[in-house]
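Notes follow the structure.
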Amino acid sequence: MKKPIVIAAVSAFAVLLIALAQFTGLINLPFANSAAQQGYRNTGTLELICEVTASRPVNGLDQPFEINKLTLPAGIDFESNTGWYMGEFAMSANRKGTLKVSNALLEVSRSAMFSRFDLSILGEHFSLDRRNGAFHQWLDLKNGKKLEIVAGHCKRKNGGAF
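Sequence positions in the sequence shown follow the numbering used here and run 7 to 168.
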């Protein structure tokens with residue numbers, strides 16, 4: 007009689023520990039295909055620190071680009087569907103872009119209309135792949151081209167899972 011009770015108590019304790027580890031982000035158990043069920047939280051805010059390489063045009067697209075390594079902060083606000091980052095052609099926290107969530111991929115964009123480095127810029131975008139932390143930033147140019155200027159990797163500011 008005691009043996010089934012002990013087995014049930016140990017099983018319940020193990021399930022509780024696994025659930026707690028999943029909730030805190032220590033483990034990531036794949037339950038289904040949706041982002042929330044893949045362990046990705048789509049609520050609250052996500053604060054990031056990113057290590058990136060920025061390629062900046064100096065005198066138009068025909069010249070060699072200036073290359074810099076940067077550490078930059080970024081943020082995603084799932085409640086307001088916005089995002090921002092500070093760096094090359096920054097989307098500041100005061101003028102955030104619009105967030106689009108597609109499972110593990112987060113993409114933030116906003117329209118723009120300015121010239122810099124002899125380029126007419128019509129849009130700014132960045133993406134974060136929560137599967138591997140890959141960060142990319144690119145610009146839409148007036149001539150229909152896409153100019154990728156930043157690439158790197160991000161991690162959560164508090165060190166937890168995405």
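Think of the CB as a built atom: it goes at the ideal place given N, C-alpha and C, for glycine as much as any other residue.
- Judged by their CB atoms, Lys148 and Ser126 are nearer to each other than the 8 Å cut-off.
- Taken atom to atom, the span from the alpha-carbon of Ser121 to that of Leu128 is near 9 Å.
- The C-beta separation of Ser61 from Phe71 comes to about 4 Å, placing the pair in contact by the 8 Å criterion.
- Around the Cβ of Ala20, a 10 Å sphere holds fewer than 16 other Cβ atoms; the residue is exposed.
- With respect to Asn65, Val107 sits apart: the two C-beta atoms are not nearer than 8 Å.
- A straight line joining the alpha-carbon of Ser115 with that of Thr59 spans about 20 Å.
- Within the model, the alpha-carbon separation for Cys56 versus Gly150 is close to 28 Å.
- Under the 10 Å beta carbon count, Lys8 is surrounded by fewer than 16 other beta carbons and is classified as exposed.
- Put simply, of Gly81, Gly50, Asn109, Phe84 the residue whose alpha carbon is nearest the alpha carbon of Arg137 is Asn109.
- Of Gly165, Gly166, Ile155, Asn164, the smallest CA-CA separation from Leu76 is found for Ile155.
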